[in-house]
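I have placed the structure first, in the form of structure tokens, so that the comments after it can refer back to it.
There are 2 protein chains.
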Amino acid sequence: MSDFIKQLNLLSPLSPEAEEDLLARLKPMAFKKGQVINKEEQICKKLFFIDKGLVKHYYHQKDRIFILKFFAENQFFTVLDSFTNQTPSKFITIALEDTETTGLDHTDFIELCEKHHSFETFARKLFAMAAIVNLKRIKEMFDAESAELYAEFIKENNHLLNRLKLGDIASYLGISQVTLSRIRSKK
Amino acid sequence: MSDFIKQLNLLSPLSPEAEEDLLARLKPMAFKKGQVINKEEQICKKLFFIDKGLVKHYYHQKDRIFILKFFAENQFFTVLDSFTNQTPSKFITIALEDTETTGLDHTDFIELCEKHHSFETFARKLFAMAAIVNLKRIKEMFDAESAELYAEFIKENNHLLNRLKLGDIASYLGISQVTLSRIRSKK
DNA sequence: ATAATCTTTTTACATAAGTTAAAAAATCAT
DNA sequence: ATGATTTTTTAACTTATGTAAAAAGATTAT
Chain D
1 MSDFIKQLNL LSPLSPEAEE DLLARLKPMA FKKGQVINKE EQICKKLFFI DKGLVKHYYH
61 QKDRIFILKF FAENQFFTVL DSFTNQTPSK FITIALEDTE TTGLDHTDFI ELCEKHHSFE
121 TFARKLFAMA AIVNLKRIKE MFDAESAELY AEFIKENNHL LNRLKLGDIA SYLGISQVTL
181 SRIRSKK
Chain Y
1 MSDFIKQLNL LSPLSPEAEE DLLARLKPMA FKKGQVINKE EQICKKLFFI DKGLVKHYYH
61 QKDRIFILKF FAENQFFTVL DSFTNQTPSK FITIALEDTE TTGLDHTDFI ELCEKHHSFE
121 TFARKLFAMA AIVNLKRIKE MFDAESAELY AEFIKENNHL LNRLKLGDIA SYLGISQVTL
181 SRIRSKK
């Protein structure tokens with residue numbers, strides 16, 4: 001059984017009615033390693049919760065790949081602007097490992113927000129958190145010396161280190177794999 | 001009279017009771033050019049709306065200044081994580097021009113969220129927008145060639161161009177003023 | 001008007017990091 | 001185990017950008 005509701009309640013507890021209503025709308029979705037979860041230009045219809053697995057959220061630009069974020073166990077994720085405004089996504093989301101998710105449709109999300117004040121509160125806190133996480137990421141990107149970027153990354157993402165390719169880490173940091181390799185060899 | 005409520009209703013309309021309740025809690029605050037609105041380590045107590053003026057939100061790192069965002073007329077702003085979690089701010093906010101704001105205390109913000117579903121909905125949408133804006137900023141920062149960063153900036157912030165110093169624009173783009181000057185001379 | 005201050009540009013130099021290509025190491029499939 | 005593929009490291013070269021300092025240009029105050 002998914003920890004969607006458990007994690008949600010940790011962030012902001014639901015009323016019993018809201019919880020029941022939500023539970024009836026959740027749907028499990030599984031993705032194989034390498035499978036696309038949401039492609040470019042596709043409208044993201046779901047708020048996902050990762051029960052198991054690892055996902056990368058990225059985009060292409062001039063033959064390079066830029067990874068905005070990795071999502072792993074017990075994290076909520078969606079394509080923020082595509083989901084919120086139901087507009088085509090500029091980003092791509094794929095599974096880096098076999099991944100099991102629990103999904104909530106956008107229409108259900110909106111209905112739950114309207115019907116249940118406590119769910120709306122959860123949603124508010126979820127987006128506030130997302131905004132803060134993104135702000136922190138901006139700050140990290142400013143600290144531009146690659147060596148420090150990498151040091152910061154391994155500190156924050158130690159649990160993911162052996163699950164990620166170096167190329168993906170470099171794409172996340174916005175540097176080339178060669179540069180990352182050089183950094184690693186330096187100490 | 002402030003456009004706080006007008007702009008808010010554009011994003012997400014309030015119930016009449018919520019609007020009345022909110023109105024009674026808003027307080028005008030004015031800042032002189034150069035005045036600190038929220039300093040480092042200070043807990044940000046307010047959600048601000050800018051009626052007039054311009055503000056920069058930044059931090060120091062090793063003798064350089066990094067500007068996360070400018071805020072001008074008709075924009076809501078706060079120190080996201082400091083306001084949300086009522087923790088000390090890592091960032092500094094100062095007025096770049098004489099600035100008039102309308103502020104809402106954090107305690108009032110929370111009470112309004114709890115009392116009025118429609119206000120909570122506004123808050124959810126506000127934070128969703130903030131998250132999206134920040135994500136867009138991350139994307140911009142990845143597009144690392146300085147010339148493009150600047151081109152993008154003048155496209156998006158044309159209305160601010162003649163109100164900002166080049167040094168501040170460089171700090172926003174994460175490049176040195178010398179580099180920015182070079183870019184400008186190139187075409 | 002003139003001086004003083006602030007802002008922007010330019011120059012010279014050093015260095016971090018990108019690109020390309022190849023070698024080395026690790027992982028995977030048969 | 002062996003070969004094939006993927007991943008990581010290393011090397012050679014080029015370029016963009018930071019730093020420091022000075023010059024040029026604007027702005028402000030007296």
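Protein chains in written order, with our numbering: chain D, 1 to 187; chain Y, 1 to 187.
Ideal placement from N, C-alpha and C gives every residue a C-beta, glycine not left out.
For clarity, every value in this text was computed on a predicted model and none was experimentally measured.
For residue i, which beta-bridge partners are listed by DSSP?
i      : result
T101/Y : M29/Y and I50/Y
N38/D  : T93/D
H57/D  : K69/D and T93/D
I175/Y : I175/Y is not bridged to any residue.
I43/D  : P88/D
Report buried or exposed for residue i, applying the criterion of at least 16 other Cβ atoms within 10 angstroms of its Cβ.
i      : result
H116/Y : buried
L8/D   : buried
K15/Y  : What sits at residue 15/Y in the sequence shown is Ser, not Lys. So S15/Y ends up on the exposed side.
G188/Y : Any question about residue 188/Y goes unanswered here, given that chain Y covers just 1 to 187.
H159/Y : exposed
A95/Y  : buried
Y56/D  : It should be noted that the sequence gives Lys, not Tyr, for residue 56/D. K56/D is buried by the Cβ-count criterion.
D24/Y  : The sequence given here places Ala at residue 24/Y; Asp does not occur at that position. So A24/Y counts as exposed.
L149/Y : buried
V79/Y  : buried
I154/D : exposed
L10/D  : exposed
L161/D : exposed
S171/D : buried
S82/D  : buried
Would you call the CB atoms of residue i and residue j closer than 7 Å?
i      : j      : result
S146/Y : I169/Y : no
F31/D  : T121/D : no
F48/Y  : Y59/Y  : no
F71/Y  : F77/Y  : yes
L180/Y : L164/Y : no
I50/D  : E73/D  : yes
I138/Y : I110/D : no
T102/Y : L26/Y  : yes
E272/Y : L54/Y  : This structure gives no information on residue 272/Y, because the portion of chain Y shown stretches from 1 to 187.
G174/D : F142/Y : yes
Fill in: Entirely enclosed beta strand (DSSP E) segments - the segment 60-139 of chain Y, minimum 3 residues
64-72, 92-95 and 99-105
Discussion item. Pairs of beta-carbons, one from the segment 27-44 of chain Y and one from the segment 76-86 of chain Y, closer than 8 Å: are there three or more?
Written reply: yes
Discussion item. Can you confirm whether the segment 126-135 of chain D touches the segment 127-141 of chain Y when touching is taken to mean that 3 or more C-beta pairs between the two stretches lie within less than 8 Å?
Written reply: yes
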